[in-house]
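Residue numbers (UniProt numbering): 1 to 323.
Just so you know, even glycine gets a beta-carbon here, dropped at the ideal spot from N, CA and C.
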């Protein structure tokens, strides 16, 4: 039944019932109207309006559900759909909205994959330039300073040694940045070694005390899944170091189920998420998780801090990841 006729017949039903009650009931209206008659008419009108409102709410209820879903839908949390109920027009509207969500999620996934692929390519390019150009230049400068230190007068050697130390620290910083941009250990030694190196790096260069628990029997993972796990672990540790005020962080990676999935957990003892809205870093983590069919959840850790959990299905159970 079309929405127009549905509302029309609901109102007709209410009016008909009210008319029949007036016809068969003992009520009459005097001229001038009496107080009791006015009260009866007012009560009848109120009852009719309440009944009409209840029937309209029932008839238009699916539209209100659709509006609430449209206000809360987030493409980074896929799978939100509304049951197809109501009149023909309402059902068609809900079906169209659900189909639109499916298309938007697919298009968002494809565009995000292209963006993140370009981002990884750019990171590799920058890391290569840092290592090959700036790194080599700093190495040559360090060797020249070392040679000049041996030839310089005694009163200048201490200053040259300080210059050597500054150059050496700059070279190490460039190499550290290059490793963050392009985790060669991930490609060469695998995810476990890459996460161990990442934890050691944060342990050495931040005030965080990082503990790692990597299960020895992890299922085989595709290269794009390993990259997503590494990047989300990296971003989670970075957020903990910059924003949480935590003193310690625990990173764990273990099998998630019997079908080849894995579960990554990063928990800190900081101040927690509070009511701060999600920033670009967290939304980027959600986008990466979607590429491999993973589910990312953020909440409170048992210690009161923040808990980041990424559950990734096994091979062949999620959408395609990075191209």
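Spatial distance of residue i from residue j (CA atoms)
{"i": "residue 68", "j": "residue 85", "result": "15 Å"}
{"i": "residue 10", "j": "residue 43", "result": "20 Å"}
{"i": "residue 249", "j": "residue 223", "result": "26 Å"}
{"i": "residue 14", "j": "residue 94", "result": "28 Å"}
{"i": "residue 303", "j": "residue 268", "result": "7 Å"}
{"i": "residue 52", "j": "residue 62", "result": "17 Å"}
{"i": "residue 120", "j": "residue 57", "result": "52 Å"}
{"i": "residue 260", "j": "residue 293", "result": "13 Å"}
{"i": "residue 32", "j": "residue 41", "result": "14 Å"}
{"i": "residue 199", "j": "residue 111", "result": "31 Å"}
{"i": "residue 238", "j": "residue 282", "result": "11 Å"}
{"i": "residue 230", "j": "residue 157", "result": "44 Å"}
{"i": "residue 284", "j": "residue 236", "result": "11 Å"}
{"i": "residue 72", "j": "residue 96", "result": "17 Å"}
{"i": "residue 148", "j": "residue 313", "result": "58 Å"}
{"i": "residue 24", "j": "residue 16", "result": "12 Å"}
{"i": "residue 65", "j": "residue 91", "result": "12 Å"}
{"i": "residue 220", "j": "residue 99", "result": "35 Å"}
{"i": "residue 176", "j": "residue 118", "result": "22 Å"}
{"i": "residue 164", "j": "residue 279", "result": "40 Å"}
{"i": "residue 215", "j": "residue 297", "result": "21 Å"}
Cβ-based neighbour list, residue i, same chain, cut-off 6 Å, excluding 5 preceding and 5 following
{"i": "residue 178", "result": "127, 130 and 131"}
{"i": "residue 181", "result": "123, 126 and 127"}
{"i": "residue 256", "result": "262, 263 and 311"}
{"i": "residue 18", "result": "48"}
{"i": "residue 171", "result": "138"}
{"i": "residue 307", "result": "267, 299 and 301"}
For residue j and residue i, believed in contact at Cβ under 8 Å, the rounded distance
{"i": "residue 246", "j": "residue 270", "result": "3 Å"}
{"i": "residue 226", "j": "residue 191", "result": "4 Å"}
{"i": "residue 138", "j": "residue 166", "result": "The Cβ separation is near 10 Å, so there is no contact."}
{"i": "residue 152", "j": "residue 160", "result": "6 Å"}
{"i": "residue 212", "j": "residue 186", "result": "Their Cβ separation, rounded to whole angstroms, is 15 Å, which puts residue 212 and residue 186 out of contact at 8 Å."}
{"i": "residue 233", "j": "residue 206", "result": "Incorrect: roughly 14 Å between the Cβ atoms, too far for contact."}
{"i": "residue 244", "j": "residue 305", "result": "6 Å"}
Which of helix, strand or coil DSSP assigns to residue i
{"i": "residue 304", "result": "coil"}
{"i": "residue 135", "result": "helix"}
{"i": "residue 262", "result": "strand"}
{"i": "residue 101", "result": "helix"}
{"i": "residue 309", "result": "strand"}
{"i": "residue 274", "result": "coil"}
{"i": "residue 296", "result": "strand"}
{"i": "residue 13", "result": "helix"}
{"i": "residue 269", "result": "coil"}
{"i": "residue 162", "result": "helix"}
{"i": "residue 84", "result": "coil"}
{"i": "residue 182", "result": "coil"}
{"i": "residue 61", "result": "helix"}
{"i": "residue 53", "result": "helix"}
{"i": "residue 121", "result": "helix"}
{"i": "residue 144", "result": "helix"}
{"i": "residue 322", "result": "Here the model assigns residue 322 a pLDDT of 45, short of 50, so the residue's position is not dependable, and the following value carries that caveat. Three-state DSSP puts residue 322 in coil, outside helix and strand."}
{"i": "residue 47", "result": "helix"}
{"i": "residue 257", "result": "coil"}
Own chain residues within Cβ distance below 8 Å of residue i, not counting five before or after
{"i": "residue 116", "result": "287, 288, 291 and 322"}
{"i": "residue 174", "result": "130, 131, 134, 135 and 138"}
Same chain, Cβ closer than 7 Å to residue i, neighbours up to 5 away in sequence not counted
{"i": "residue 295", "result": "289 and 311"}
{"i": "residue 202", "result": "208, 210, 237 and 241"}
{"i": "residue 183", "result": "194 and 230"}
What beta strand (DSSP E) runs, 3 residues minimum, are completely inside the region 204-254? For the region 204-254, whole beta strand (DSSP E) runs of length 3 or above, ordered along the chain, are 209-214.
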